[in-house]
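S.K.:
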Amino acid sequence: MEENTVKRTLNFIEQMVEKDLAEGRNNGRIQTRFPPEPNGYLHIGHAKAICLDFGIARNYGGICNLRFDDTNPAKEDVEYVDSIQEDIKWLGYEWANIYYASDYFQQLWDLAVKLIKDGKAYIDEQSAETIAKQKGTPTLPGTESPYRKRPVEENLALFEKMNSGEVEEGAMVLRAKIDMASPNMHFRDPIMYRVIKSYPHHRTGYAWKAYPMYDYAHGQSDYFEGVTHSLCTLEFEVHRPLYDWFIDQFADSDYRPYQTEFNRLNITYTVMSKRKMLQLVEEGIVRGWDDPRMPTICGLRRRGYTPAAIHNFIDKIGYTKYEGIIDVSLLEHAVREDLNANADRASAVLNPIKLILTNYPEGQVEMMEAVNNPEKENCGSHEIPFTKELYIEADDFMEEAPKKYFRLTIGQEVRLKNAYIIKCTGCKKDENGNVTEVYAEYDPQTKSGMPESNRKVKGTIHWVSVEHSLPAEVRLYDRLFLAENLNEEKDRDFRELLNPNSLVINTKARVEPWLKDATHLHNFQFQRIGYFNVDPDSTPDKLVFNRTVSLKDSWAKEVRN
RNA sequence: UGUCCCAUGGUGUAACGGUAGCACUACAGUUUUUGGUACUGUCUGUCUAGGUUCGAAUCCUGGUGGGACAACCA
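Below, the structure written as structure tokens:
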């Protein structure tokens with residue numbers, strides 16, 4: 315055997331970390347953080363950031379903390395705090411510590427006071443519109459606020475009032491005094507604090523009325539915690555100079571955090587915007603954040619995706635400095651790769667038609683052995699009852715078959731998976747010409763394992779016993795979105811692009827009795843149909859299966875032939 | 001008439017001055033108790049024009065193209 319040393323090339327962030335380690339930056343310490351705002355559920359895009367933040371810490375002997383960036387009570391909720399923790403754990407990561415930006419409100423306040431005393435921040439009483447107007451545009455410099463030269467003592471007094479409740483929302487803000495003519499818009503006296511009184515903070519209630527803004531709070535939070543590598547997505551690139559500016563104002567040691575940006579995940583046919591996902595949930599277009607059509611972690615989980623599959627996917631896509639759009643087929647491939655290796659095989663007939671073996675003894679039941687997973691060693695097997703009357707897929711029989719049809723047709727032989735070779739003798743039709751029953755004769759010498767069973771037949775089909783099989787509901791999920799790239803559809807209502815067939819519920823399905831005992835974390839491959847898991851709402855009396863992903867191309871090819 | 005970031009097959013990435021490689025997709029073929037899986041093969045790429053160099057995807061310059069920035073969001 316050859317040595318199994320698949321050396322993955324390091325991404326640019328890993329290279330940077332190794333360089334920092336070699337040069338002893340920040341005393342060779344590695345510390346990252348995953349900093350979600352608790353204003354929605356985590357989705358597959360967050361998984362990319364999570365794998366990076368936690369992965370870097372894990373691989374380089376550092377630590378990664380979970381920090382909730384909860385500086386805007388108007389949008390945040392404990393529901394999200396809980397789900398975020400659950401999803402990170404499900405992905406297989408543990409944070410060293412759990413922090414909240416709201417834990418730093420006092421420290422941030424004190425530093426803001428220091429900045430005011432240094433003459434580097436002032437209270438502006440203009441309206442939001444006026445301030446926006448004075449900011450200028452990316453190509454035109456801004457103009458200075460008339461309040462910019464307000465005396466320090468007055469600034470301090472007003473800052474206190476901002477937090478005491480005496481000041482109405484929108485009446486005043488604290489701004490850093492930097493440069494209204496800077497080519498970087500973020501340097502044009504950025505807002506550090508605003509007043510929010512009408513929403514309680516999910517942790518501090520109404521204790522604070524003045525809340526810090528992201529640009530001020532984020533870098534300082536990193537600094538307070540000792541973060542060495544502050545990894546975020548590309549859209550924060552232009553914020554980095556400001557991040558550094560704030561650090562420069564307060565850093566009092568050799569240590570400092572550094573921000574590095576990487577590309578956000580985009581997937582074809584998939585919406586990754588929290589705002590749009592919230593809309594889908596609130597308007598009842600989906601059944602909730604964990605609807606299996608959602609790209610949320612919990613939606614993917616409910617659909618039967620495994621953590622291994624998601625890691626598999628993240629490993630394939632890479633981290634770069636430019637935006638791209640990943641083909642959803644890469645995600646589906648990553649899932650199939652894991653499921654093919656680990657999911658048990660089971661028999662289910664989605665669209666049943668009766669097959670009667672005319673020469674099989676009435677009332678006889680044979681237990682046929684089915685290997686749980688032919689791709690996996692020592693995974694065991696189970697038995698499926700075989701009888702005279704079976705259900706097969708309606709699609710698996712054709713009275714007049716085209717040349718490349720490999721399944722059941724009159725006069726031809728086919729194998730019943732795990733059982734006998736049969737020869738089709740005829741069928742019965744109703745007054746409309748629809749086939750209602752198919753007849754065949756079985757060859758007793760061809761049971762799986764018998765010497766005669768090696769005979770070549772053109773196809774193999776799956777089946778379940780009429781008497782023993784169980785009714786089940788099968789939910790076939792498809793892509794929710796049709797647009798190739800929703801970013802290009804900004805001005806259009808994205809709901810127009812929803813795929814109306816994204817969920818097809820099939821209640822005719824019949825499954826083998828073994829599946830009654832299936833736990834809902836279990837994944838199955840239904841023969842030639844796809845990978846399924848048991849829906850959490852499933853009960854022993856009502857079996858419900860969700861399709862994780864279909865088998866590669868099988869139906870499409872069939873249609874072509 | 002700005003600042004910052006970026007540009008490798010259809011898609012996603014690697015090559016760190018020395019043979020443009022990998023994966024996905026698509027299309028063929030082999031194996032197969034499902035047309036799945038596995039394996040093999042084929043197609044397709046360094047945005048452009050200069051420069052430096054024995055040698056450039058890589059370094060430099062100019063174009064072109066894309067993205068981010070004008071929330072009291074993060």
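In case it helps, this note's numbering puts the first sequence at residues 315 to 875.
C-beta atoms are modelled at their ideal positions from N, C-alpha and C, and glycine is treated no differently.
Which residues does DSSP pair with residue 354 in a beta bridge?
M.R.: In DSSP, residue 354 forms no bridge with anything.
S.K.: Between which two residues does the beta strand (DSSP E) harbouring residue 345 extend?
M.R.: It spans 345-348 - the beta strand (DSSP E) in which residue 345 sits, taken as one unbroken run.
S.K.: Just verifying my parser: in three-state terms, what is the DSSP assignment at residue 477?
M.R.: Correct three-state label for residue 477: helix.
S.K.: With a threshold of 6 angstroms on Cβ separation, who are the neighbours of residue 777 within its own chain once the five nearest residues in sequence on each side are excluded?
M.R.: Excluding sequence neighbours, residue 777 sits near 704, 706, 730.
S.K.: Counting Cβ pairs closer than 8 angstroms, one from the region 708-721 and one from the region 761-769, do we hit at least three?
M.R.: The answer is no - the region 761-769 does not touch the region 708-721, with fewer than three Cβ pairs under 8 angstroms.
S.K.: By a C-beta neighbour count over all protein chains shown, 10 Å radius and 16 as the cutoff for buried, is residue 636 buried or exposed?
M.R.: Answer is exposed; the Cβ neighbour count stays below 16.
S.K.: Measuring alpha carbon to alpha carbon, tell me which of 747, 344, 469, 367 ends up nearest residue 375.
M.R.: Nearest C-alpha to residue 375: 344.
S.K.: If I'm right that residue 658 touches residue 626 with Cβ under 8 angstroms, what's the distance once you round it to whole angstroms?
M.R.: No, residue 658 and residue 626 are not in contact; Cβ-Cβ is about 19 angstroms, not under 8 angstroms.
S.K.: Determine the contact status of residue 854 and residue 824, defining contact as a CB-CB distance below 8 angstroms.
M.R.: No, they are not a contact pair.
S.K.: Determine the direct distance from the alpha carbon of residue 518 to that of residue 354, and round the result to whole angstroms.
M.R.: Approximately 19 angstroms between the Cα atoms of the pair.
S.K.: So, are the CB atoms of residue 364 and residue 382 less than 8 angstroms apart?
M.R.: No, the Cβ-Cβ distance between residue 364 and residue 382 is not below 8 angstroms.
S.K.: Going along the chain, which unbroken runs of the beta strand (DSSP E) with 3 or more residues stay wholly within the region 656-708?
M.R.: You should have 658-660, 666-671, 680-685, 695-700, 703-707.
S.K.: Find the nearest neighbour of residue 378 within the set 622, 616, 708, 402, judged by alpha-carbon distance.
M.R.: Measuring from the Cα of residue 378, the nearest candidate turns out to be 402.
S.K.: Could you tell me the alpha carbon to alpha carbon distance between residue 575 and residue 865, rounded to whole angstroms?
M.R.: Distance between the alpha carbons of residue 575 and residue 865 is about 36 angstroms.
S.K.: Tell me the DSSP secondary structure of residue 875 in three-state form.
M.R.: For residue 875, the predicted model reports a pLDDT of 39, less than 50, meaning its position is unreliable and no value from the coordinates is stated.
S.K.: If we count Cβ pairs, one from each stretch, closer than 8 angstroms, do we get three or more for the region 547-567 versus the region 394-401?
M.R.: No: fewer than three Cβ pairs fall under 8 angstroms.
S.K.: Reducing DSSP to helix, strand and coil, say where residue 847 ends up.
M.R.: Reduced to three states, the DSSP call for residue 847 is strand.
S.K.: For the pair the region 449-460 and the region 489-497, tell me if three or more CB-CB distances fall below 8 angstroms.
M.R.: Yes, since at least three Cβ pairs between the region 449-460 and the region 489-497 fall closer than 8 angstroms, the two stretches touch.
S.K.: With a threshold of 8 angstroms on Cβ separation, who are the neighbours of residue 632 within its own chain once the five nearest residues in sequence on each side are excluded?
M.R.: Excluding sequence neighbours, residue 632 sits near 325.
S.K.: So residue 878 is in the alpha helix (DSSP H); what residue range does that whole segment cover?
M.R.: Limits of the chain in this structure are 315 at one end and 875 at the other, which puts residue 878 out of reach.
S.K.: Which partner residues of residue 526 appear in the DSSP bridge assignment?
M.R.: Its beta-bridge partners are 507.
S.K.: Take residue 713 as the anchor and find which of 745, 752, 700 has the nearest alpha-carbon.
M.R.: Closest by alpha carbon: 752.
S.K.: Assuming residue 466 contacts residue 431 under a Cβ cut-off of 8 angstroms, what Cβ separation, rounded to an integer in Å, is found between them?
M.R.: Indeed, because the Cβ distance is near 6 angstroms, the residues count as touching under 8 angstroms.
S.K.: Excluding the 5 residues preceding and the 5 following residue 676 in the sequence, name in chain order all residues of the same chain whose CB lies nearer than 7 angstroms to its CB.
M.R.: Closer than 7 angstroms at the Cβ level, and outside the excluded window around residue 676, lie 702.
S.K.: Just how far apart, CA to CA, sit residue 750 and residue 756?
M.R.: One C-alpha to the other measures close to 20 angstroms.
S.K.: Can we say the region 648-655 touches the region 667-681, given the rule of at least three CB pairs closer than 8 angstroms?
M.R.: Output reads no: the region 667-681 does not touch the region 648-655.
S.K.: Tell me residue 861's beta-bridge partners as DSSP assigns them.
M.R.: Its beta-bridge partners are 846.
S.K.: Please state whether DSSP places residue 515 in a helix, a strand or coil.
M.R.: Looking at residue 515 - three-state DSSP - the assignment turns out to be strand.
S.K.: Are the beta-carbon atoms of residue 415 and residue 531 separated by less than 8 angstroms?
M.R.: Against a cut-off of 8 angstroms, the Cβ pair of residue 531 and residue 415 comes out as a contact.
S.K.: Hey, is residue 784 close to the ligand ZN, as in C-beta under 7 angstroms from one of its heavy atoms?
M.R.: Absent from the structure shown: the ligand ZN. Ligands present: none.
S.K.: Does residue 485 come out as helix, strand or coil in the three-state DSSP assignment?
M.R.: In this structure, residue 485 counts as coil in the three-state DSSP scheme.
S.K.: Buried or exposed, going by whether 16 or more other CB atoms sit within 10 Å of the CB of residue 874?
M.R.: Caution applies to residue 874, whose pLDDT of 43 falls short of 50 and renders its modelled position unreliable; the model cannot decide the point.
S.K.: Which class does residue 742 belong to by DSSP, given the choice of helix, strand or coil?
M.R.: Here residue 742 sits in strand by DSSP.
S.K.: Measuring alpha carbon to alpha carbon, tell me which residue in 856, 815, 559 is nearest residue 827.
M.R.: The shortest C-alpha separation from residue 827 is found at 856.
S.K.: So for residue 438, helix, strand or coil by DSSP?
M.R.: Reduced to three states, the DSSP call for residue 438 is strand.
S.K.: CB residue 698 to CB residue 682, shorter than 8 angstroms?
M.R.: Contact: yes.
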